[in-house]
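*Asks:* Quick note: my numbering has the sequence shown finishing at residue 1945, numbered continuously throughout. Just so you know, even glycine gets a beta-carbon here, dropped at the ideal spot from N, CA and C.
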Amino acid sequence: MPIISENKNKEPEKILEKGVIGFRPKARLVKGLLGDELVSDQIVSVIELVKNSYDADAENVWINIRDDSVTVTDDGHGMTKDVVLNGWFQPATTFKKKSPFSRKGRPVLGNKGIGRFATARLGSLVQIRTRAEGEKYETYFELNWDQFDNDDLFLDEVKYTWKTIDPKKFTPIAAGKTPSETKPGLHGTCIRILNLRRDTQWTKEKIQDLWNALERLKSPIGTTLDFKINVKTDYEELTGEVLSPDALRNPKYILEGTVYADGTYALTYSSGGNQEPLNGQLGTTISCGEYKVELRVWDREHRDLKKVADLFELSIVDLRDMLDKSSGVSVYRDGFRVFPYGEPGDDWLGLDSRRIQNPTLRLSNNQVVGFVQISSQRNSELIDKSSREGLLNNQALKDLKESLISVFKILEEKRYKTKRPPVVSAEPETKKKTTDLFAEINLDQLKTTINEKKDSLTPKDTLKIVTEANRELKLRIDRVKSAFIRYRRLASLGRLVDIILHEGRQPLAMIDNAAFLGGIEVKHNIKDPYATQLNKHFTIIRGQCTDISRLFKKIEPFSGRAGYRRRSVVAIEDIFRDAVSVFERRITSEKIRVSVVGSATAKVFSTEIQQVFINLIDNSIYWMRSSKVIAKEILVRIETENDKIKIVYCDSGPGINQDDADRIFEPYFTTKPDGTGLGLVICGEIIAEHDGTLELSSSGMLSGACFVITLPRKDG
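Have a look at this one:
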């Protein structure tokens, strides 16, 4: 077909030459993009080869690591010559895509052909020997990845030779050997990598990292895999079948079960031999689909770890080291781990940052060994990245994260109640909380630990213990810092109110005055056709100015000026009404009935008492709204008793759980999703400064929460 110019007035251009062409990549593309860059490190490379063995229906895989080579052998169904030539050497073929399951019914883990290129990340020379079930011969071929470094060669110019030979590796003699002798039997595949890369040094530490990764490669929940991983190295302690340490199966707390696609859950909480079924609703439908979860949790203090360490004849140092290497929340698809979730340093759920905000209640990443089990069929929206390292950052992954955080909140609240049983005390909680804030900032436990073990501790052990103690101490200091930050924000808010009042009142007065004069001018020009409309707008402007002026009046007590922090004789009911006016719109929209009964005057810091009421009202609105209470009501009764004023504050919300009643005045305890756990603490301190008390009452005038405030009756 002739090529026609866009200019219709010109004659068609004459074609001098034409043809057909396709992409012809250089050889270095394969090694660069598919080997070095696609697979991040040597551990991931070995794991990709192990996954290939699993896809081949192997029951055993043997990994032999030497100074000059890495060999991965399996007893899978092996490859025929045809599969080698038309499958292995043709990446992205449809062999695995034809069925999502292997011959044994295993979900196929690999379908992008990445496994073969993982060998390039390990070494330049690859020797592969394979024998399929029922075949008389082995197929053998070699690869030299260095050939792909030749800038002059195109991809189709790199050639390799292959051959079929009498069996040497997969023989009847080998079949009679035990798995520990790394003999696979009559069929399987053996991949040997030589000329190891300079940056692929298999030190003892690196082999230990591989061992740790292999320990966590298979999911301990939701599936049973007939697949054993064996490792042989020059180190006796890093040789043998890879199994998860028994100590990691004995957490202090555990939450396990299923989260369903509709947002409901069926979980079981266990601690100290006791089990509690938990069923409920996390929220709306989650696009990630149904998944299973198991969260194992340890308290890392010396006294807690010692019981587990003694049970398994471990030192505390070794147990902590074991937890450090295994902690985090791992994701498993079809029984195999999805990297890098749960790797050391990969806090993908942000647990540590949550704990900084609330150290008493929240868990840190190194306290948890967690497992999330998904599948290719049920969780199709959770899509692997092309590198097979991680999941695509889409809505499904976001829903998975958010729902897991909700599961963690359930666990954290249960753990908190287990760890801190209710304490019966005649002393009001409001008199305890200031000391509670600083109670744990000490090194007594560190001194006890070192004194107990001083004769057996090496300098390395001592360093680990001190490092752990330093980490815990830092968390406790962060806890106190966050409290001071809250107070500093309140002080900053006071200064901000000063600026708003100072900078806002003058222009507001000018706007109001201009609208007033504009209205007078319009009245003098009543015959103007726009006069009525203009007068209406000026009236609206003045009305809005009045509303803003009232708002300024409401926030004026929160000013940072010292003049506002002085005791004055005021009516308690007036302070309450001022606090209610701050929430006027929310109260109206939520159709909340607010009543105050009784009257009393006291000499107080009115701004601070107003802050107490504001906190209580804010909590009431939140819980009445979240619990979908139909008849929403806040009722305050004020009465005098001899030399005291008693203020009873009640709402019709869901009330406070009996298990939480003894904890609500503790710093950082909160059941709000994003609460700080400091609101009632600050309220208690304000009332205590007025020589009064703030207490939770078990019986109130309404069905919800009920607080009783007592203040001294001082009128002068």
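1. How would you call Q1192, buried or exposed, if buried means at least 16 neighbouring beta carbons within 10 angstroms?
2. Express the C-alpha separation of R1345 and W1317 in angstroms, rounding to a whole number.
3. Please state the DSSP three-state secondary structure of T1368.
4. Any idea what DSSP makes of I1915, helix, strand or coil?
5. Would G1579 pass as a contact of V1558 if the rule is Cβ separation under 8 Å?
6. By Cβ distance below 7 Å, which residues in the same chain neighbour L1737 in space, the five residues on each side in sequence not counted?
7. Rounded to a whole number of angstroms, what is the C-alpha to C-alpha distance between Q1839 and M1551?
8. Between the alpha carbons of T1418 and D1395, how many angstroms are there, rounded?
9. Within 8 Å, do at least three Cβ pairs link the stretch 1483 to 1490 to the stretch 1523 to 1535?
10. Going straight from the alpha carbon of R1421 to that of A1347, what length do you get?
11. So the candidates are F1805, V1799, T1939 and I1436; which of them puts its Cα closest to the Cα of G1469?
12. My assumption, with CB atoms under 8 Å, is that Y1878 sits in contact with L1845. Please give the rounded CB distance.
13. Can you check which of these residues, L1415, S1818, S1582 and V1695, is closest to M1308 by C-alpha distance?
14. Spatial neighbours of D1888 within its chain, please: CB distance less than 6 Å, with the 5 preceding and 5 following residues excluded, ordered by chain position.
15. How long is the line joining the alpha carbons of K1392 and T1302, rounded to whole angstroms?
16. Apply the 10 Å Cβ neighbour rule to A1860 and answer buried if 16 or more other Cβ atoms are within range, or exposed otherwise.
17. Can you name the start and end residues of the alpha helix (DSSP H) that A1808 belongs to?
18. Are the beta-carbon atoms of R1335 and K1398 separated by less than 8 Å?
19. For a test of the three-state rule: what should DSSP assign to Y1389, helix, strand or coil?
20. Ordered along the chain, which non-local residues of its own chain (more than five positions away) have a Cβ less than 6 Å from that of Y1561?
21. When DSSP labels each residue in this structure, what does D1303 get in the three-state scheme?
22. When you compare only the Cα positions, how much space is there between F1781 and L1730?
23. G1527: which of L1423, D1380, L1592 and T1899 sits nearest, CA to CA?
24. Take every Cβ of the stretch 1423 to 1439, pair it with every Cβ of the stretch 1360 to 1370, and state whether three or more of those distances are shorter than 8 Å.
25. Comparing alpha-carbon positions, which option in G1884, I1294 and P1688 lies nearest S1855?
26. Report the start-end ranges of each beta strand (DSSP E) in the stretch 1469 to 1534 that is 3 residues or longer and not cut off at the edges.
27. Can you check which of these residues, R1734, H1766 and G1733, is closest to L1746 by C-alpha distance?
28. Got a sec, what are the start and stop residues for the alpha helix (DSSP H) G1880 sits in?
29. According to DSSP, is K1255 part of a helix, a strand, or is it coil?
30. What do you get for D1880, buried or exposed, if any count of 16 or more other CB atoms within 10 angstroms of its CB means buried?
31. Just grab the DSSP bridge partners of F1565 for me.
32. Within a Cβ cutoff of 6 Å, which residues of the same chain sit near N1508, ignoring the five residues on either side of it in sequence?
33. Determine, using beta carbons only, whether V1825 and E1802 come nearer to each other than 8 Å.
34. Tell me which same chain residues have a C-beta within less than 8 Å of the C-beta of P1688, skipping the five on either side of it?
35. Go ahead and pull the three-state DSSP assignment for P1336.
36. Could you check what DSSP says for I1612 in three-state terms: helix, strand or coil?
*Replies:* Straight from the coordinates:
1. With the chain running from 1230 to 1945 in the structure shown, residue 1192 is simply not present.
2. 8 Å
3. strand
4. helix
5. no
6. C1774, I1777 and S1778
7. 52 Å
8. 15 Å
9. yes
10. 12 Å
11. I1436
12. 5 Å
13. L1415
14. K1646
15. 19 Å
16. exposed
17. I1801 to V1811
18. no
19. coil
20. S1448 and Q1602
21. strand
22. 7 Å
23. Reading the sequence as shown, one finds Trp at residue 1527 and not Gly. The shortest Cα separation from W1527 among L1423, D1380, L1592 and T1899 belongs to L1592.
24. no
25. G1884
26. 1482 to 1488, 1493 to 1500, 1503 to 1510 and 1520 to 1526
27. H1766
28. What sits at residue 1880 in the sequence shown is Asp, not Gly. No alpha helix (DSSP H) contains D1880, which is instead part of the beta strand (DSSP E) from K1873 to D1880.
29. strand
30. buried
31. K1447 and R1562
32. A1495
33. yes
34. none
35. strand
36. coil
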